[in-house]
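Chemist: No gaps in the numbering here: position 111 of the sequence shown is 114 in the working numbering, and each next residue is one more.
From the three backbone atoms N, C-alpha and C, an ideal C-beta is built for every residue, glycine too.
Please find one structure pasted underneath; my questions will follow.
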Amino acid sequence: MPQGMPTGCINHPGVEAVARCRQCSTPVCNACVVGGPTGRFCSFECREKHEKFVKDAQGCELGKKRGGGFSRSLRSLASSAVVLGAVLLALGVVCTIFEVPVLSGLTRTVRGMIGF
Ligand SMILES: [Zn+2]
Ligand SMILES: [Zn+2]
């Protein structure tokens, strides 16, 4: 076996590894390897971790696809709220600058609403 090549089994240093754990990259021999639907692993713990990781990743993808329409409508709602806020702010600024007596009541109301 060439020096510096981590091809020996982690549990049996003299035995050549046949696979690397998909979770932690540990080399393992034929006797130690743990097979699973998502690959080959050094231990049952690693297999469980990797399966959980794969499931989480898939769940994330599904969640993103489902949430797409909802977040889009939320964004348009947020942008219309921003526009409304800008209009109120502009109205408040205009009333403040010109101090129209007739509008002073309205000015106070708008100022109160936007916290001037
Ligand atoms: Zn492992
Ligand atoms: Zn082994």
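Checking 8 angstroms against the spacing of the C-beta atoms, do R23 and P16 come in under that value?
Modeler: By 1-based counting over the sequence shown, the position of residue 23 is 20. By 1-based counting over the sequence shown, the position of residue 16 is 13. In this structure, P16 does not lie closer than 8 angstroms to R23 by Cβ.
Chemist: Quick one: does the C-beta of F44 sit closer than 7 angstroms to a heavy atom of ligand 1?
Modeler: Here residue 44 refers to the residue found at position 41 when the sequence shown is read from its first residue. Yes, since a heavy atom of ligand 1 falls inside the 7 angstroms radius drawn around the Cβ of F44.
Chemist: G118 by DSSP, collapsed to three states: which one?
Modeler: In the sequence shown, counting from the first residue as 1, residue 118 sits at position 115. Here G118 sits in coil by DSSP.
Chemist: Determine the DSSP secondary structure at G88, reduced to helix, strand or coil.
Modeler: The residue labelled residue 88 in the question sits at position 85 within the sequence shown. Reduced to three states, the DSSP call for G88 is helix.
Chemist: Output the boundary residues of the beta strand (DSSP E) element that contains V37.
Modeler: Stepping through the sequence shown from its first residue, residue 37 is reached at position 34. Unbroken beta strand (DSSP E) run through V37: 37-39.
Chemist: According to DSSP, simplified to helix, strand and coil, what is G66?
Modeler: For the purposes of this step, residue 66 is taken as residue 63 along the sequence shown, with counting starting at 1. Helix.
Chemist: Any chance the region 109-118 sits against the region 77-95, with 3 or more Cβ pairs inside 8 angstroms?
Modeler: yes
Chemist: Could you tell me whether any non-hydrogen atom of ligand 2 is closer than 7 angstroms to the CB of A22?
Modeler: The sequence position of residue 22 within the sequence shown is 19, counting from 1. Because no heavy atom of ligand 2 lies under 7 angstroms away, the Cβ of A22 does not count as near it: no.
Chemist: Please state the DSSP three-state secondary structure of A22.
Modeler: For the purposes of this step, residue 22 is taken as residue 19 along the sequence shown, with counting starting at 1. In the structure shown, A22 sits in a strand (DSSP, three-state: E or B).
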